[in-house]
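As structure tokens, the structure follows; a few thoughts come after it.
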Amino acid sequence: MEKNNDLGLLPMAENDYGFDFSFPAEQSQMPYDNKGACDELSKDMKRRDVLSLCFYKDKNTSHACVQVESKNVAPYKLQLNPALFAGLMRYIENGKPFECDPVPMDAIQTDDETYKTDMLRLFVNANKTIQWTPLFRERNGKLSGTHIAKYGKVFFYVECTDELLDWLRERKQAI
1 MEKNNDLGLL PMAENDYGFD FSFPAEQSQM PYDNKGACDE LSKDMKRRDV
51 LSLCFYKDKN TSHACVQVES KNVAPYKLQL NPALFAGLMR YIENGKPFEC
101 DPVPMDAIQT DDETYKTDML RLFVNANKTI QWTPLFRERN GKLSGTHIAK
151 YGKVFFYVEC TDELLDWLRE RKQAI
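Pasting the structure below:
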């Protein structure tokens, strides 16, 4: 196909309706504005918002991420690093704001489901209380739980395996 030189668009098939269905030939992906996300988190903490957090692995960049939202703000992504994770946990437990470092850690090598399960194990090993949805209510082979703190909630939605259930029961988790 020939490019339309003045706009960099690929021409589409002619039609009888007079519409020009051109679209950009290439789309480059912009790097994520983690600094902007950190600024938004700082505003949330200044307002003393109760945050809702959900961990996941970014499909495009393979960075460890957390989805953050509150009553006042729509969900946004925050690429994590160890200091940012520690600051978030401190904030949801006792409401102490922290200086947000926007530099994400290197891309992680595990898949999304393993990362989510590892984050769940991190909370269980730290003896954090997690409220579990009863297994008879779960569908699609998933296990969901919530850690509730004074200034935030952490939601877990992971693959339910016999190995994970045994591990949780060994640690006296009420599933």
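Its first residue numbered 1, the sequence shown is counted upward by one per residue in UniProt numbering. Cβ atoms here follow ideal geometry from the backbone N, Cα and C, with glycine treated the same way.
Suppose you measure from the CA of residue i to the CA of residue j; what does that come to, to the nearest Å?
| i | j | result |
| --- | --- | --- |
| Lys172 | Tyr115 | 22 Å |
| Ala37 | Asn127 | 29 Å |
| Lys35 | Val103 | 8 Å |
| Leu88 | Tyr157 | 19 Å |
| Cys160 | Val50 | 28 Å |
| Met1 | Pro31 | With a pLDDT of only 48 at Met1, under 50, the local geometry of the prediction cannot be trusted, and the value read off the model is given with reservation. Each residue's Cα considered, the two are about 29 Å apart. |
| Asp106 | Gln131 | 31 Å |
| Arg48 | Val73 | 12 Å |
| Pro82 | Asp118 | 14 Å |
| residue 220 | Phe98 | Nothing about residue 220 can be read from this structure; the chain reaches only from 1 to 175. |
| Ile175 | Asp166 | 10 Å |
| Lys71 | Asp39 | 17 Å |
Using only alpha-carbon positions, find the residue among the options that is nearest to residue i.
| i | options | result |
| --- | --- | --- |
| Gln109 | Asp162, Leu53, Gly95, Lys57 | Lys57 |
| Asp101 | Arg47, Ala174, Asp33 | Asp33 |
| residue 178 | Ile175, Lys59, Ala174 | Nothing can be reported for residue 178, as the shown portion of the chain is limited to 1 through 175. |
| residue 178 | Pro75, His147, Leu135 | Any answer about residue 178 is impossible in this case: the structure gives the chain only from 1 up to 175. |
Since residue i and residue j should fall inside the 8 Å C-beta cutoff, what is the C-beta to C-beta distance between them, to a whole number of angstroms?
| i | j | result |
| --- | --- | --- |
| Phe155 | Cys54 | 5 Å |
| Glu93 | Lys150 | 7 Å |
| Thr129 | His147 | 7 Å |
Cβ contact check for the stretch 39-46 and the stretch 135-143: 3 or more pairs under 8 Å: no
Count the CB pairs spanning the stretch 161-172 and the stretch 63-83 that are closer than 8 Å, and state whether there are at least three. As far as the Cβ criterion goes, the stretch 161-172 does not touch the stretch 63-83, which means the pair count is below three.
At which residue ranges does the stretch 51-125 contain complete beta strand (DSSP E) runs of 3 or more residues, listed in the order of the chain? 51-57, 64-69, 76-79
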